[in-house]
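In the order they appear, the protein sequences are chains A and B.
Just so we're aligned: the first sequence equals residues 2 to 236 in the numbering used here.
Just so we're aligned: the second sequence equals residues 864 to 1056 in the numbering used here.
The beta-carbon is built from N, C-alpha and C at its ideal position, and this holds for glycine as well.
Contents: one structure, followed by commentary.
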Amino acid sequence: MNDTFQLDGEDIPFAPGQTIMQAATAHGVYIPHLCWHPDFSAHGSCKLCTVKVNGRFGSSCITQAQPGLEVENRSMELDEKRRTLLQMLFVEGNHFCPSCEKSGNCRLQATAYELNMMSPHFDMFYPNRPVDASHPDVLLDFNRCIMCSLCVAASRDADGKNVFYMGGRGLLGRRVHISSESGHLGDTDFAVTDRAASICPVGVILPKRKGFAVPIGQRKYDLAPISEHVAEDAS
Amino acid sequence: MNAPMNVTTNANPAPAKKLRVATASLAGCFGCHMSILDIDERLLTLLDLIEFDRTPLTDIKRCGPCDLGIIEGGLCNAENVHVLREFRQNCKILVALGACAINGGLPAQRNHLDLRDVLEEVYQTEYLVSHGGIPNDPELPLPLNKVHPIHEVVKVDYFLPGCPPPADAIWKFLTDLLAGRTPALGHGLLHYD
C-alpha cells in the first residue's frame, strides 16, 4: 500500500491490482456509480463512474490504479455529464418516486440528489414494462429497471442459481428476463434470502409485505446523502 | 427559517415594486398548493414581497403579465395545455412545482394504457359505478392520449421536485429567487417523493 495516485488533488493509496473505484471506496471517497458493487466483478456499463485519468475519460470501476495517476472526479464538467446520464435513465424507465417502495433507499434517486438533478430534461418515454407478482415473497417491478445487471451477477456468482439474464434487443426491447419456462419468478427456485433479492439498487426486486416498515423520510438516503455512505457501501 | 431577503434592505424608501405571481394546478391534486400554504406565517413575509395574479387563492380566471408563474401538475387535457401556454406567454419566469409537473407523476401512470380502455373501464364496465357512459359534454376539455410533463410543451426555467415539495423547500426556493440568487435546495430539501 505504498503506491498512491491523486484523486481530485488528494493522495489515494492503493494495492496492486485495485481499480481506481476500489481504491477510492476503500479510502472513503465517493465516486458516483450505479452498476458497480464491491462484491461483484465490474463491467463498466452505467458510465456514471467516468473520471478523467491524466486528462482522458475512463470508467473508474475498470481502470487500474497506477502510481502517480492524476484523476479528476467531482468536477463540474464530469458531474454535468453524470447528471445527463441520470436524466436519460429517468426518462427511459417509469421512475415515479412518490409511489415507489424503494424511495429513500434507492441508489438511482440518491445519486440524482447528490448530483442535484432537478428535472428529467428530456422527453419521457413512458415504456410499457411488465410487473411480476408470481413469487410468494418477492415482487418484480421492471418499470424501474436501469439494466445494471447486478441481479444477474448476484444470482449467478453468489447464489449459483442463474435466475436472471439480460435479453432482447434495442432501446426498449433489452431487459432482464427470468430463466424459467414461463418467464415468471414464481416458477424458479428464487428465495427472498438469496443475495440477488437484496442487490437491486432501484425498486425492481422488492420483498413483499415490507414496503413501508420504515416510513418515507426516515430512510437511508433521507438521513444522509449517498456520498456519506461510502464506508458502509464498501463493506 | 428567515432567509436573508436583500430585496427589502434597500436603504431608502421608494417601496420596492412587488413581484406579481400567478399559480395554477393542472393535472395535479392541489397538494403542491397546500404545501405553498404550509409555509405558514412566512406567508405574511412573502406577501410584503409579492402580489398574486391568477391563482386558486384569488380566483382570478386569466393570467395577466407576471414576474413569476408557478405550475403544479402535468398536462392531461387540452385545457391544461391552453393554461400552460397562457402562463408561458405572460410570465417572465416559469416554475414546474412538484412531481406531476416535472415527470407527469401519478396521472402519467395511465400512459401505457389505451385512453379509450381507461374511459370505458371507469365509466362503463367497472363494477359498482354508474355506467352512465363516457362524458361527452362540449364544456369538458378533451383528454390527451398521454399525460405529459410541462417541459415537453413550453420552456421551463426552474424545477422544484417533490410530492409535494416540502414547505421549507418552497420557501428556500422563493426567497433565493426573490433575493436574486440561483435557487439551490441541497440535501434534505431536494426530494422526489
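- Gly894 of chain B sits in a helix when the DSSP states are folded into three classes.
- Gln219 of chain A counts as exposed, since fewer than 16 other beta carbons sit within 10 angstroms of its beta carbon.
- Residue environment for Thr921 of chain B: exposed (fewer than 16 other C-beta atoms within 10 angstroms of its C-beta).
- If you draw a straight line from the Cα of Gly94 of chain A to the Cα of Arg883 of chain B, it comes to about 38 Å.
- Of all residues in the region 83 to 103 of chain A, only Phe91, Val92, Asn95, His96, Phe97, Cys98, Pro99, Ser100 and Cys101 place a beta-carbon less than 9 Å from a beta-carbon of chain B.
- At a Cβ-Cβ threshold of 8 Å, Leu141 of chain A and His38 of chain A do not count as neighbours.
- Taking CB atoms only, Asn974 of chain B has a neighbour in chain A less than 8 Å away.
- Within the region 995 to 1022 of chain B, the residues whose Cβ lies closer than 7 Å to any Cβ of chain A are, in chain order, Lys1009, Pro1012, His1014, Glu1015 and Phe1022.
- Put simply, the backbone Cα of Leu109 of chain A is about 18 Å away from that of Val30 of chain A.
- From the beta-carbon of Ile965 of chain B, the residues of chain A found nearer than 9 Å are Met119, Ser120 and Pro121.
- A straight line joining the alpha-carbon of His896 of chain B with that of Leu991 of chain B spans about 32 Å.
- Within chain B, the residues whose beta carbon sits less than 9 Å from that of Asn129 of chain A are Asn974, His975 and Leu976, listed in sequence order.
- When B:Ala1030, B:His994, B:Phe1022 and B:Ile923 are compared, the shortest CA-CA separation from Met119 of chain A is found for B:Phe1022.
- At a cut-off of 8 Å between beta-carbon atoms, Ile217 of chain A makes contact with chain B.
- As a beta-bridge residue in DSSP terms, Phe6 of chain A pairs with A:Ile13.
- Interface annotation for the region 16 to 34 of chain A against chain B: empty, criterion Cβ-Cβ distance under 9 Å.
- Under the DSSP assignment, Leu907 of chain B falls in the alpha helix (DSSP H) whose first and last residues are Arg905 to Leu912.
- Within the region 29 to 79 of chain A, the complete beta strand (DSSP E) runs of at least 3 residues fall at 51 to 54, 57 to 60 and 71 to 73.
- Taking C-alpha positions only, Ala879 of chain B is separated from Leu912 of chain B by approximately 8 Å.
- Counted as a single uninterrupted DSSP element, the stretch harbouring Thr921 of chain B is not any alpha helix (DSSP H), since DSSP gives it neither H nor E.
- For Tyr166 of chain A, the pairing in a beta bridge is given by DSSP as A:His178.
- Cβ contact annotation for Gly168 of chain A (same chain, cutoff 6 Å, sequence separation greater than five): His178, in chain order.
- For the beta strand (DSSP E) assignment, the uninterrupted runs of no fewer than 3 residues enclosed by the region 936 to 996 of chain B are, from N- to C-terminal side, 938 to 940 and 954 to 960.
- In the structure shown, the three-state DSSP call for Val231 of chain A is helix.
- A residue is called buried once 16 or more other Cβ atoms fall within 10 Å of its Cβ, and Asp12 of chain A, having fewer, is exposed.
- The Cβ atoms of Pro202 of chain A and Leu116 of chain A do not sit closer than 8 Å to each other.
- In this structure Ile933 of chain B touches Val958 of chain B by the C-beta definition: roughly 5 Å separates them, less than 8 Å.
- The beta carbon of Gln67 of chain A sits no closer than 8 Å to any beta carbon of chain B.
- In the DSSP assignment, no residue is bridged to Gly105 of chain A.
- In this structure, the alpha-carbon of Cys149 of chain A lies about 15 Å from that of Gly174 of chain A.
- For Pro226 of chain A, the chain B residues whose Cβ falls inside 8 Å of its Cβ are His1050, in order along the chain.
- Classified as exposed, Pro68 of chain A has fewer than 16 neighbouring CB atoms from the shown chains inside 10 Å of its CB.
- With the criterion set as a beta carbon lying under 7 Å from some beta carbon of chain B, the region 163 to 186 of chain A has no members that meet it.
- Ranking A:Ser61, A:Ser46 and A:Gly45 by CA distance to the CA of Val52 of chain A puts A:Ser61 first.
- Taking 8 Å as the CB threshold, Gly105 of chain A lines the interface with chain B.
- Secondary structure note for Val1010 of chain B: its beta strand (DSSP E) is the uninterrupted segment Pro1006 to His1011.
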